[in-house]
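Working notes, beginning with the structure itself.
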Amino acid sequence: MQTDTGFSLSTFLAGLLISVGLIGFGAFTAKAIYQAKVSDHYVTVKGLAERQVKANLAAWEIDFQEADNDLTAANGRIQRDQQLVGSFLQKNGFNNSELELRPTKVSDAFANPYNSSNQAKYRYVITSGIRVRTSQVDLIPKASQQTNTLIQAGVPLSFSTSDYSSDLNPNPSYYFTQLDQIRPGMLSDATNSAYLIAQQFTKDTHTKLKGIRRASQGVFQIMSRDAASEGNNSDNQASSIYKKVRLVTTIDYFLKN
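Okay, here's the thing in structure tokens:
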């Protein structure tokens, strides 16, 4: 009995010492982890900069289409349409260097084995157009409001047939290509915005900024002026002359108590 009691008592004491040791080790480990977290304590802030800009480049395509059973007659009318549209654009202030004649395309209904001659009203359909590429962006909306004069002159406008116009490339389209001119100023504004937010955070938490841990410039985003928010997939910035350029910069600041 004494042997069993002695063995039990020694076993108990050994276990007690081990437990105390483990508790001490656990406390040391927890303290080390806490100190490591404090020494690497930082806050992540985002700085925002926005600029209102105006497009400096515009692209507009005026298409027209003629149909006839006589290819020569249809082609003659297409050439007339080209002259009328070219004259219309020149009268509205565009230079010849800003106008590009699109290739003429001919569709022959009889060449399609799935269509019979009885199904097609006209054998030949000819499509052409003139593309405008200009820095005179204000002339585009003014001229587009007067295209009814072309229709009155007998030009069968057909914007829907354009292979240029789409959801991604509206017709007309407006572009801002001078981002490099505003990039430095916007980056400075976004950085200052992030710094002010970080300062406010330290004021609220009774800490101080120690330095920058990591910084990410972010991506410049160009959207229409009236776009609701960043990442608005329904926004097509190319359809608007006036645009909004946005930059969100992310900066990590080290903190100290």
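The sequence shown maps to residues 1133 to 1389 in the numbering used here.
Glycine included, every Cβ here is placed at the ideal spot set by N, Cα and C.
None of the values given here were measured: they were computed from a predicted structure.
Only residues of its own chain outside the window of five on either side were considered, and among them Y1254, R1255 have a CB closer than 6 Å to the CB of N1201, listed in chain order. Two segments are said to touch when three or more pairs of C-beta atoms, one from each, lie closer than 8 Å; by this definition the segment 1260–1276 touches the segment 1222–1241. In the three-state scheme derived from DSSP, where H, G and I count as helix and E and B as strand, D1270 is classed as coil.
Taken through DSSP and simplified to helix, strand or coil, Q1349 comes out as coil. Within the same chain, K1186, A1187, N1188, L1189, A1190, Y1306, I1373 come within 8 Å of V1269 by CB-CB distance, once the 5 residues on both sides are set aside.
Note: Q1184 is bridge-paired with K1376 in the DSSP secondary-structure output. In the three-state reduction of the DSSP assignment, D1358 falls in the coil class. By the Cβ neighbour-count rule, V1217 is buried, with 16 or more other Cβ atoms within 10 Å of its own. Contact holds between the segment 1377–1386 and the segment 1176–1183, because three or more Cβ pairs, one in each stretch, are under 8 Å apart. Note on D1358: under 16 other CB atoms within 10 angstroms of its CB, so exposed under the neighbour-count rule. Nearest to F1308 by C-alpha distance, out of D1336, K1375, L1289, Q1284, is K1375.
I1258 is the residue among A1347, I1329, I1258, P1235 whose C-alpha sits nearest the C-alpha of Q1197.
Setting aside the 5 residues that flank it on each side, S1290 is surrounded in the same chain by D1195, F1196, Q1197, T1259, each with a C-beta closer than 8 Å to its C-beta; the list follows chain order. Bridge partners of T1323 according to DSSP: none are assigned. In the DSSP assignment, L1203 falls within the alpha helix (DSSP H) that extends over 1203–1223. Residue nearest to N1303 within the set A1370, I1354, H1338 is A1370 (criterion: CA-CA distance).
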